[in-house]
Amino acid sequence: MNDVAAGDLDAVNQDHGPSDAARLRRQVDALQARVQALDCSAREACDVHQHLSVQETLLRTVLDESPDFIVLKDHQGNFLLCNQPVADFHGTTPQAMVGRHEGHFSATREQADQIRADVLEIMARGRTETVIEESIDARTGRKRWFKSIKKPFVGDDGLPRILVIAHDITDVRRAQEQVQQSERRLSHVLGATGEGVWDWDLRSNALQHNQRWYELLGLQPTQLTGTIADFEACLLPEDYAAVTDAMQQCLDGHGPYRHEHRMRRGDGSVIWVLDRGDVVERDGEGRPLRMVGSLCDVTERKTAEELTQRLAFYDALTGLPNRRLMFDRLQHAIALGRRNAQFGALMFLDLDHFKELNDTLGHASGDALLLQVAQRLQATLRGNDTAARMGGDEFVVIAEDLGHEPLKAATAAEALGAKLLKALSRPYALDGALHLTSCSLGVALFGYPDDTADEMLKRADFAMYQAKDAGRNTQRFFDPVMQETVLARAALAAQLRLGLERGELDVYLQPVVDAQGRRVGAEALVRWRHPQRGLVPPAEFIPLAEQNGLIVAVGQQVLETACRQLVAWQADAATRGLTLSVNVSARQFHQGDFVRQVLDTLQRTGADANLLKLELTESLLLGDVDEVVRKMRTLRARGVRFSIDDFGTGYSSLAYLKQLPLDEIKIDRSFIEDVLGDANDASIVQTILLLARSLSLKVVAEGVENALQQDFLVRHGCPYFQGFLWGRPVPASQWAPQAA
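FYI, UniProt numbering numbers position 488 of the sequence shown as 488, with every residue one higher than the one before it.
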C-alpha cells in the first residue's frame with residue numbers, strides 16, 4: 001500500500017504541482033496511522049477477552065471444587081450465582097438456578113418461603129450472621145445440616161445482595177446425636193444398676209454425678225458446687241484422712257481406689273458406702289487428669305457385720321466388751337505398755353452379795369443392777385480405759401498409761417479403784433426401790449517384761465478374793481509390797497483428814513528480804529505435826545492431799561492462819577508493813593466459792609487485804625483463763641495481791657501473763673541453784689528479770705543459799721530474795737522482825 005501511494009503521489013506532483021501532492025501524502029499517513037491503531041486495539045481486546053475467559057474458568061473451577069455451598073442472591077432472594085455442590089444438592093445445574101429461588105427446586109414451599117424470608121431479613125439488618133440450617137438432599141431425600149455465613153452488601157445497581165457460604169455439618173451433627181443417645185443409654189444403664197457414678201476432672205477440680213448419686217445421698221444438684229468439695233463435705237470428719245489417703249494411692253498409680261466409709265445424707269442421716277474408682281486419663285508425665293468411679297449403699301451389710309461383731313465381742317446385756325474382746329485388749333495394752341515403758345493396771349471387780357439379790361428380787365432386777373453397774377463403770381473411767389464384763393457379776397477394768405514408775409502407777413491405780421468403789425456403792429433404783437450393794441476389787445499392775453494376759457487375770461482375780469477376805473467393799477493389790485505401800489498411803493490420807501480436824505497443821509514463815517537484807521515480808525508454809533512420826537515433809541503429804549481432795553481444806557486452814565498472823569503483826573511497828581504470801585493450789589482456786597471464801601476470811605479475821613499475797617502456779621493457766629482473770633480482778637479490786645510461784649517451770653505464756661493482774665513473779669529455786677555454774681540457768685534468770693521489768697512486776701528469787709548467788713542476782717537487778725541465806729522456815733511463834 002505504501003508503494004502504490006508513493007507512485008500515485010509522484011503522478012499528482014507532475015500533474016498538479018508540489019502542494020497538492022504534500023497534502024495528499026499527509027492524508028495517506030493519517031489514514032495509515034488509524035489503520036495501525038485499529039489493528040492494535042483489536043489485538044488488545046482479543047487478549048483481554050482471553051484473560052477474562054481464563055479468570056472466569058478459574059473462578060468457576062474454584063467455586064465448583066469447594067466442598068462448601070456458595071450462593072449469591074439478589075434482593076428478591078433469587079440466585080445470581082451458585083457453585084456446583086449447590087446445583088448437585090438440588091439436582092440441577094448452576095446455570096439453571098440463576099434467576100430462580102429454592103421454591104423452584106426440591107425444597108418444600110414452606111421451607112423455601114422460610115429461607116427467602118430469612119435472607120431478606122438479614123439483608124434488611126445489613127450485618128453478617130451465622131446460622132444453623134437444615135434442608136432435604138434432593139438426591140437421597142435425607143436431611144442435612146449446614147452452618148451458613150450470610151454476608152449482605154449493596155450491588156453496583158444500588159440494590160441489596162447477599163453472599164451465602166454454607167458448610168455441611170451433617171456428620172458432626174449426627175455424631176453429636178449418637179453421643180447424646182449413647183449418654184442417654186449409659187445414664188439409663190447406670191441408673192438401673194443402682195450405682196452412684198462420679199466423674200472428677202482434676203484439671204478444673206470439677207465433679208459430676210449421675211442422678212442415682214444424688215438419690216443415694218438425698219441431695220439436689222442445686223445444693224452443690226460442682227467441685228470435689230461436694231464429696232468432702234459429705235464425708236464424716238473421722239473418715240476423711242483414711243478416704244483421702246486411699247484415693248491418693250490410686251492417683252499415685254498404686255492400683256484402683258476402693259474404700260468403705262460413711263457419708264452424711266442431706267437429711268443428716270449417715271450411710272455406709274462402697275466407693276470405687278480409677279484414673280482413666282493421665283498426661284505425658286503420668287500426672288492424673290481424670291478419675292471416674294461409683295459408690296453403692298452398703299449400710300445393711302455393714303449393720304449386719306457390726307451386729308455379728310457385737311454378738312461375738314460384746315456382752316448382750318450391758319454392751320461392754322466380753323471376755324474375748326477384753327483378753328485381746330489386755331494383750332494389746334501389755335504390749336503397748338512394754339514398748340512405751342508405761343505401767344498399767346488390771347482390776348477385777350466382783351459384786352458383793354449379788355446371788356442374794358437374784359434370789360430375792362429375781363433375775364430381771366439382777367440384770368437391771370448389772371446394767372447400771374456397767375453404766376457407772378463407763379462414766380467413771382478415763383477415755384483410754386476399758387471396762388468389760390467377764391460373766392455373771394464379774395467385771396474387769398484395764399487402766400493404761402499410769403506412769404513410768406511402779407509406785408506412781410500403783411498410786412494412780414489405787415485412786416482410780418477408790419473412785420470405782422465409791423461409784424458402785426451408791427444406791428441403785430430397782431423396781432421403784434433403792435438397793436444398796438458394793439463390790440470387791442483386786443488390782444494387778446502390768447508393765448514388767450514377763451507379764452502375760454493370762455497371768456494378769458490370775459493375779460487380779462486372786463487380789464479380788466483377798467479384798468473379799470478383808471471384809472468386802474475394798475480393794476487389794478496382788479503384789480504384797482505394793483499392797484503395803486498403797487495401804488500405808490491410804491492410812492496416811494486418813495490420818496491427814498484427822499489431823500486437819502485436830503489442828504495438827506502448823507504454819508511456818510520464811511522471810512523475804514530486799515537487796516540490803518531487810519525483811520519486807522514472808523511466805524507461809526504448812527507443816528504437819530504427826531503425833532507418832534513428828535514433822536511430815538510437805539512433799540509427802542501435799543500430793544496426797546491433792547489426790548484425796550483434802551488440799552482445799554488444807555489451803556483454807558493456811559489462809560485463815562496467815563490472816564490472823566497479819567492481824568498480829570499490826571500490833572508491832574516493826575512488822576506492821578510486812579506482807580504475807582500464801583500458796584493457793586489450782587484445785588482450791590477453781591472452787592466455785594473461792595473468791596467468797598477469801599473475802600469472808602479477810603472480814604472475819606480483820607486482816608488488811610493489801611498485805612495478803614496469794615501465790616498461784618502457772619498450771620492455773622491451763623484451765624479457763626477467763627475464769628482465772630475474773631477471780632483475780634475481783635480480789636485485786638479489794639486489795640489482795642497476786643504472785644506467780646515457781647515461774648519458768650510451767651506454762652509461761654506472755655499473752656496470758658499480760659492479762660493477769662499480777663504484782664510479782666518468783667523465780668523457781670531450780671534456776672537459782674545452778675545460776676553460777678550453768679550458762680542456761682543464768683540466761684533464764686536474766687531473761688525473767690528483764691521480762692519482769694518490762695511488765696513492771698516485782699521479782700523474788702527463791703532458794704538463795706549463799707552470798708555469791710545473791711551477788712549475781714543483785715548485779716542483774718533482782719530486788720528481793722528468799723532462801724536459807726536469810727533464814728529457814730520457822731513457826732510463826734518464833735518469828736522475829738529481823739534476823740538476829
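Glycine included, every Cβ here is placed at the ideal spot set by N, Cα and C. Just so it is clear, the structure is predicted and the values come from calculations on it, not from any experiment.
Problem - DSSP three-state assignment for Tyr448, whether helix, strand or coil - result: Under the three-state reduction of DSSP output, Tyr448 falls in the coil class, being neither helix nor strand.
Practice task
Below 8 Å on the Cβ atoms is my guess for Asp451 versus Ile334; work out the distance and round it to an integer in Å.
Solution key: Between Ile334 and Asp451 the Cβ distance is about 5 Å, and since that is below 8 Å, they are a contact.
Practice task
In the DSSP assignment, find the alpha helix (DSSP H) that holds Glu705 and state where it starts and stops.
Solution key: Glu705 -> no alpha helix (DSSP H), and no H or E assigned at all.
Problem - Rounded separation between Gly99 and Asn210 - CA only - result: Cα to Cα, the separation comes out at about 55 Å.
Practice task
Just grab the DSSP bridge partners of Glu260 for me.
Solution key: Note: Glu260 sits in a beta bridge opposite Leu274.
Problem - Buried/exposed call for Ser694, threshold 16 Cβ in 10 Å - result: Of the other Cβ atoms in all chains shown, fewer than 16 fall within 10 Å of the Cβ of Ser694; this residue is therefore exposed.
Practice task
Have a look at Leu611, Leu697, Glu540 and flag the residue whose alpha-carbon is nearest the alpha-carbon of Leu566.
Solution key: Of the candidates Leu611, Leu697, Glu540, Leu611 places its Cα closest to the Cα of Leu566.
Problem - With 16 other Cβ atoms within 10 Å as the buried cut-off, status of Leu236 - result: Per the 10 Å Cβ criterion, exposed.
Exercise for the section: Give me the Cα-Cα distance between Thr308 and Ala491, rounded to the nearest whole angstrom. Expected result: Their Cα atoms are separated by approximately 48 Å.
Problem - Distance CB(Leu430)-CB(Leu377) smaller than 8 Å - result: Annotated as distal: Leu430 and Leu377, with beta-carbon spacing of 8 Å or more.
Handout entry: Alpha-carbon to alpha-carbon, Gly337 and Val279
Key = Cα to Cα, the separation comes out at about 43 Å.
Problem - Beta-ladder partner(s) of Lys468, from DSSP - result: When beta bridges are read from the DSSP output, Lys468 appears opposite no residue.
Handout entry: Cβ distance (whole Å) where Leu349 is taken to contact Phe395 below 8 Å
Key = The C-beta distance from Leu349 to Phe395 rounds to 4 Å, short enough to meet the 8 Å contact threshold.
Problem - Nearest candidate by alpha-carbon position, reference Glu133, set Arg127, Gln114, Gly126 - result: Measuring from the Cα of Glu133, the nearest candidate turns out to be Gln114.
Handout entry: Cutoff 8 Å; reference Phe589; Cβ partners in own chain excluding five residues on either side
Key = Only residues of its own chain outside the window of five on either side were considered, and among them Leu616, Leu620, Val628, Lys631 have a CB closer than 8 Å to the CB of Phe589, listed in chain order.
Handout entry: Residues that Met347 bridges to, as DSSP identifies them
Key = BP columns for Met347 point to Val397, Val443.
Exercise for the section: Within its chain, find whatever has a CB closer than 6 Å to the CB of Met326; leave out the 5 residues flanking it on each side and keep chain order. Expected result: Once the five neighbours on either side are set aside, the close Cβ partners of Met326 are Ala388, Val396.
Problem - Arg476 versus Leu361 - alpha carbon distance - result: Distance between the alpha carbons of Arg476 and Leu361 is about 30 Å.
Exercise for the section: For Pro661, I'd like the list of residues in its chain whose CB is within less than 7 Å of its CB, leaving aside the five on either flank, ordered along the chain. Expected result: The beta carbon of Pro661 sits closer than 7 Å to those of Met632, Arg633, Arg636, Phe642, all from its chain and outside the five residues before and after it, given in chain order.
Handout entry: Beta-carbon gap between Val582 and Leu614 smaller than 8 Å
Key = A contact, by the Cβ cut-off of 8 Å.
Handout entry: Per DSSP, the bridge partner or partners of Pro85
Key = Its beta-bridge partners do not exist; DSSP assigns none.
Exercise for the section: Verify whether the separation of the beta carbon atoms of Arg596 and Leu550 is less than 8 Å. Expected result: In this structure, the beta-carbon distance from Arg596 to Leu550 does not fall below 8 Å.
Practice task
Look up Met97 in the DSSP assignment and give the residues it is bridged to.
Solution key: Bridge partners of Met97: none, in fact.
Problem - Contact belief for Val273 with Cys250 at Cβ below 8 Å, rounded distance in angstroms - result: Val273 to Cys250, Cβ: 16 Å. No contact.
Exercise for the section: Determine the contact status of Ile672 and Val704, defining contact as a CB-CB distance below 8 Å. Expected result: A contact, by the Cβ cut-off of 8 Å.
Exercise for the section: Answer with buried or exposed for Lys666, where buried requires no fewer than 16 other C-beta atoms within 10 angstroms of its C-beta. Expected result: Classification for Lys666: buried.
Handout entry: Distance CB(Gln722)-CB(Val512) smaller than 8 Å
Key = Cβ distance < 8 Å, so Gln722 and Val512 count as in contact.
Handout entry: Spatially closest choice to Gln331 from Ile398, Asp156, Ala423, by CA coordinates
Key = Nearest to Gln331 by C-alpha distance, out of Ile398, Asp156, Ala423, is Ile398.
Exercise for the section: Taking only the alpha-carbon atoms, compute the straight-line gap between Gly293 and Arg60 and give it to the nearest angstrom. Expected result: About 56 Å.
Problem - Cβ shell of Asn2 (< 6 Å), same chain only, five flanking positions each side left out - result: Bear in mind that a pLDDT of 49 at Asn2, under 50, signals an unreliable position, so the model cannot answer this.
Practice task
Whole angstroms is fine: what's the gap from Tyr508's alpha carbon to Ala586's?
Solution key: Roughly 21 Å separates the two Cα atoms.
Handout entry: Of the listed residues Thr128, Arg139, Lys143, Arg142, nearest to Ile149 (C-alpha basis)
Key = Nearest C-alpha to Ile149: Thr128.
Problem - Proximity winner among Leu224, Met390, Gly391, Ala413, relative to Asp401 (alpha-carbon distances) - result: Checking every option, the nearest Cα to that of Asp401 belongs to Ala413.
Exercise for the section: Would you list the one or two residues that DSSP bridges to His167? Expected result: Beta-bridge pairing links His167 to Lys147.
Exercise for the section: Give the C-beta separation of Gly717 and Ile684 to the nearest angstrom, bearing in mind that I take them to be a contact with Cβ-Cβ under 8 Å. Expected result: Between Ile684 and Gly717 the Cβ distance is about 15 Å, and since that is not below 8 Å, they are no contact.
Practice task
Out of Glu501, Arg576, Cys563, point me to the one whose CA is closest to Val640's CA.
Solution key: Of the candidates Glu501, Arg576, Cys563, the one whose C-alpha sits nearest the C-alpha of Val640 is Cys563.
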